[in-house]
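Residue numbers (our numbering): 24 to 282. Cβ atoms here follow ideal geometry from the backbone N, Cα and C, with glycine treated the same way. Remember, predicted model here, so these are calculated numbers, not experimental data. Accompanying notes for the structure given below.
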Amino acid sequence: MTFKASIYLFLISTTFVALLYYFFGITIWWFAVPILLVKASIVYGSAYISSDFYMKAFCNAETTEKIIALTFDDGPNREFTPKVIKVLKEHSAPATFFVIGKNIAGNEDIIEQINSDKHILGNHTFTHSFFIDFKNSRGFKKEIEQTERAVKNITGKKMNFFRPPYGVTTPHLAKAVKELNYYTIGWDVRSLDTTNDSPEKIMKRIRKQIKPGSIILFHDTSDKTVEILKQTLNFAKENGFKIVSTERLLNLRTYEFQI
Ligand SMILES: [Zn+2]
24 MTFKASIYLF LISTTFVALL YYFFGITIWW FAVPILLVKA SIVYGSAYIS SDFYMKAFCN
84 AETTEKIIAL TFDDGPNREF TPKVIKVLKE HSAPATFFVI GKNIAGNEDI IEQINSDKHI
144 LGNHTFTHSF FIDFKNSRGF KKEIEQTERA VKNITGKKMN FFRPPYGVTT PHLAKAVKEL
204 NYYTIGWDVR SLDTTNDSPE KIMKRIRKQI KPGSIILFHD TSDKTVEILK QTLNFAKENG
264 FKIVSTERLL NLRTYEFQI
């Protein structure tokens, strides 16, 4: 499912509902259906970030060395990010946090902590809006630059890593990311930690997908993820997987060179 297909799906289903509304007087709430369809297609499409359809995304490393990287999206979160940081510290494990710009105000200390603990900060847009994929490249650039500034004001560093919200890429986003000199970082292990699945089910999924060079996608937005993180770290230890930073795993520079 590509971005274009989502748009067509939206237009066709809206037209269809409009016709039914006009000729058969169905209730106006049916107009929610096209929106739900688009949402479903975006969720579906996000499973395919590794397809490189519009832009190159680094989703894992080609290696036989048993190294993996952990990534956390959608923070900083006042309640859960500090818990994640604490667990990482206990295991001396590095991670990458793809932060949403609008969550930073009031949580500057968390950004500082991530940075001083030598974790990596990545850009996950400013609003992470549900309709973000309808933006043009100027709109995307604004989103990315706003978050870039918010992090730079705290750490003094310009981020180089970007992760698209929902893993969805569009030609406009590709243009914005290229012009702003970001690397797009995807994943090849999707924990689906924001679903209602039990920690056991999620761990089963992670164990099945993990391989040398993997990048795991988590969200620092719940206690469940904190628990899954602990189990993942234990699993890695027991099976000889070393946790490394995304920078080391992908051999890419995390931040722009600072003089
Ligand atoms: Zn996200």
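Reduced DSSP category for residue i - H, G, I as helix; E, B as strand; rest coil
i    : result
V191 : coil
L59  : helix
I282 : Low per-residue confidence applies at I282: pLDDT is 49, beneath 50, and the placement is therefore not dependable, though the value from the model is reported in the following sentence. Note: I282 maps to coil in three-state DSSP.
R101 : coil
D156 : helix
S237 : strand
Residue i classed as buried or exposed, judged by whether at least 16 other C-beta atoms fall within 10 angstroms
i    : result
I91  : buried
F121 : buried
T207 : buried
V56  : exposed
L164 : Before going on, a small fix: residue 164 reads as Lys here, not Leu. Label assigned to K164: buried.
I51  : exposed
G209 : buried
N219 : exposed
F154 : exposed
For residue j and residue i, the rounded distance between their alpha carbons
i    : j    : result
N138 : N159 : 31 Å
Y186 : L43  : Correcting the residue identity first, residue 186 is Arg in this sequence and not Tyr. Going from the Cα of R186 to the Cα of L43 covers about 39 Å.
Q169 : Y45  : 43 Å
L272 : V40  : 48 Å
Q136 : S36  : 46 Å
F133 : G48  : A small fix is needed here, since residue 133 is Ile in this sequence, not Phe. Approximately 52 Å, taken between the alpha carbons.
F95  : H242 : 5 Å
A84  : A128 : 34 Å
K234 : T38  : 45 Å
R228 : K112 : 25 Å
K201 : V191 : 16 Å
G145 : I58  : 29 Å
R172 : K106 : 26 Å
Spatial neighbours of residue i in its chain, beta-carbon cut-off 8 Å, leaving aside the 5 residues before and after
i    : result
P222 : K247, E250, I251 and Q254
I282 : In this prediction, I282 scores a pLDDT of 49, lower than 50, which makes its location untrustworthy; the coordinate-derived value is nonetheless stated afterwards. If we look at I282 and ignore the five residues flanking it on each side, it has no Cβ neighbours.
Per DSSP, the bridge partner or partners of residue i
i    : result
N146 : V122 and F185
Same chain, Cβ closer than 7 Å to residue i, neighbours up to 5 away in sequence not counted
i    : result
V267 : I90, A92 and P117
H114 : L256
A259 : I91 and I266
T150 : K125 and E166
Cβ neighbours of residue i in the same chain (closer than 6 Å, five flanking residues each side left out)
i   : result
F54 : V40
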